[in-house]
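Participant:
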Ligand code: URA
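In my numbering, the protein residues as written are 11 to 249.
#1: At a threshold of 7 Å, does residue 245 count as lining ligand 1 (C-beta to nearest heavy atom)?
#2: Under 5 Å, CB to any heavy atom of ligand 1. Which residues pass, going along the chain?
#3: Compute the beta-carbon to beta-carbon distance between residue 53 and residue 17, rounded to the nearest angstrom, for a pair I have assumed lies under 8 Å.
#4: With distances taken Cα to Cα, identify the nearest neighbour of residue 232 among 120, 81 and 219.
#5: Determine the burial state of residue 36: buried for a count of at least 16 other Cβ atoms within 10 Å of its Cβ, exposed for fewer.
#6: Under the rule that 16 or more other beta-carbon atoms within 10 Å means buried, what is residue 111, buried or exposed?
#7: What's the C-alpha gap between residue 34 and residue 220?
#8: Which residues does DSSP list as the beta-bridge partners of residue 125?
#9: Closest by CA to residue 127, which one among 117, 105 and 146?
#10: Quick check: residue 155 and residue 179, are their CB atoms within less than 8 Å of each other?
#11: By DSSP, does residue 30 sit in helix, in strand, or in coil?
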């Protein structure tokens, strides 16, 4: 999962937060050393075990990044948006941001847990329908939920324009109009469409957990992010 080699100029850009032209200038001045040898070339490959110095100071190799974000309502999960702020605005100062991608999507109006990473294989494993990672949502509904919803959700629902029923989902009723719903798929607008199929409407939606990882809002308020621990990365990627 960790990168083993990387171009020297890219490493310096990401690790030191420098532009490409700043790195180029510094390389030309002889500011970079790899294992004790000055390198003026940016395109050489360095390994994570190589000792890289920039103006005599050690440059830590950047491994892959794994982030969890508490997405606020009103932010779009996209790189560029004409109408909304984006989740990338919340990560603005992060080195290596250009390589980071969201793992799946949340609607603009949905809040809660979103992973982002530059490790494409990990993201793929996490999103793969074969892995059936449970995703837990809290939803406020416009109407009291119908009786028998538990069984219909467990049996699977037909959603408009879909060829297969939804996979079994489990429901916890927190009040007549507030539910906790656990699904193991990630279809387009899935929760909103499931509630529409039960003749209801979602007023607000929040993702509480993915796999075993529960978003703790006291530690990570809306709009903030943190790196996942190595154990969390391993657990999520192996489930
Ligand atoms: N289901 C939805 O309808 N929207 C989301 O953002 C996530 C799941």
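Just so you know, even glycine gets a beta-carbon here, dropped at the ideal spot from N, CA and C.
Facilitator: Looking at the atomic coordinates:
#1: Checking every heavy atom of ligand 1 against the Cβ of residue 245, none is found closer than 7 Å.
#2: Those residues, listed in chain order, are 116, 117, 120, 199, 200, 201 and 202.
#3: Indeed they touch by this definition, with Cβ atoms about 6 Å apart.
#4: Closest option to residue 232, Cα to Cα, is 81.
#5: Here residue 36 is buried. Its C-beta has 16 or more other C-beta atoms within 10 Å.
#6: Taking all protein chains in view, the Cβ of residue 111 is surrounded by fewer than 16 other Cβ atoms within 10 Å, so the residue is classified as exposed.
#7: Each residue's CA atom was taken as its position, placing residue 34 and residue 220 some 42 Å apart.
#8: According to DSSP, residue 125 bridges with 78 and 113.
#9: A check of alpha carbon separations from residue 127 across 117, 105 and 146 identifies 105 as the nearest.
#10: With contacts defined as CB atoms closer than 8 Å, residue 155 and residue 179 fail to qualify as a contacting pair.
#11: Residue 30 falls in the helix class under three-state DSSP.
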